[in-house]
Amino acid sequence: MKLAQGILFTEAQIQKRVGELAKQIERDYAGEPIVLCAILKGSIPFLADLMRKIHGDVRIALIEMKSQIDGKHASILFTSSLDLSGRHVIIVEDIVDTGITMDYLLKHLEAERAPASLKVASLLDKPEARHLEVPLHYRGFVVPDKFVVGYGLDYNEQYRNLPYITWVEPE
Ligand code: IMP
3 MKLAQGILFT EAQIQKRVGE LAKQIERDYA GEPIVLCAIL KGSIPFLADL MRKIHGDVRI
63 ALIEMKSQID GKHASILFTS SLDLSGRHVI IVEDIVDTGI TMDYLLKHLE AERAPASLKV
123 ASLLDKPEAR HLEVPLHYRG FVVPDKFVVG YGLDYNEQYR NLPYITWVEP E
């Protein structure tokens with residue numbers, strides 16, 4: 003696979019949209035403390051930008067997930083040390099594709115971490131690939147059914163450092 007020539011979302015478009023999501027979150031939580039729970043590694047740039055655009059009491063937690071190769075299961079590899087119980091938690095994700103990872107994480111956090119509330123912020127949504135319906139409370143952009151990379155998203159660990167979002171295609 004090689005990097006496509008085109009760009010889906012420029013750095014400026016991403017920054018503008020992340021700013022809009024931050025405003026929406028600020029309005030919805032009206033000064034209540036929140037925890038942004040980011041899914042590693044793809045959501046690192048999104049988390050870093052989003053957290054700096056939200057004013058108020060914002061804490062962070064990190065979770066690393068493994069999406070199984072059969073595409074049907076997900077599991078947790080790593081969780082940082084922040085107590086989520088009784089807190090307003092927003093899961094921060096790079097992309098919701100099949101929905102399997104998010105479905106698993108929502109059920110797991112509800113059952114094991116007892117948050118006061120649980121919402122989802124995903125920079126990208128690829129609805130054509132969805133197998134499981136999951137709630138998306140804050141959504142940056144809808145993308146076509148391509149393998150997108152950049153701004154945290156990788157293809158075999160490559161391209162996460164691109165400041166814009168593009169896609170890969172066959173050589
Ligand atoms: P799911 O299919 O919704 O469970 O997505 C699982 C994970 O696969 C996402 O969190 C991403 O890290 C990764 N992923 C899904 N689609 C893409 C893509 O188009 N580009 C890069 N990573 C992706």
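Note that the working numbering has the sequence shown beginning at 3, numbered continuously upward.
Glycine is no exception: its CB is placed at the ideal position from the N, C-alpha and C atoms.
So, for residue i: in the same chain, excluding its five sequence neighbours on each side, which residues have a beta-carbon less than 6 angstroms away from its beta-carbon?
{"i": "I27", "result": "I56"}
{"i": "V145", "result": "L126, K128"}
{"i": "S119", "result": "H90"}
{"i": "S69", "result": "A76, T103"}
{"i": "G44", "result": "D96, G154, L155"}
Following a CB-centred definition, is residue i positioned closer than 7 angstroms to any heavy atom of the ligand IMP?
{"i": "M104", "result": "yes"}
{"i": "I41", "result": "yes"}
{"i": "I97", "result": "yes"}
{"i": "F149", "result": "yes"}
{"i": "A32", "result": "no"}
{"i": "L155", "result": "yes"}
{"i": "T100", "result": "yes"}
{"i": "S119", "result": "no"}
List the endpoints of the continuous alpha helix (DSSP H) containing residue i.
{"i": "H110", "result": "102 to 115"}
{"i": "L250", "result": "A question about residue 250 goes unanswered here, because the residues of the chain that appear run from 3 up to 173."}
{"i": "I46", "result": "46 to 55"}
What is the C-beta distance between residue i and residue j, in whole angstroms, given that I count them as a contact (C-beta under 8 angstroms)?
{"i": "I16", "j": "L38", "result": "Not confirmed; about 17 angstroms, so no contact."}
{"i": "L64", "j": "L42", "result": "6 angstroms"}
{"i": "S87", "j": "A116", "result": "4 angstroms"}
For the beta strand (DSSP E) that contains residue i, what are its first and last residues?
{"i": "V94", "result": "90 to 98"}
{"i": "Y140", "result": "140 to 144"}
Tell me which same chain residues have a C-beta within less than 7 angstroms of the C-beta of residue i, skipping the five on either side of it?
{"i": "H133", "result": "T100, G101, I102"}
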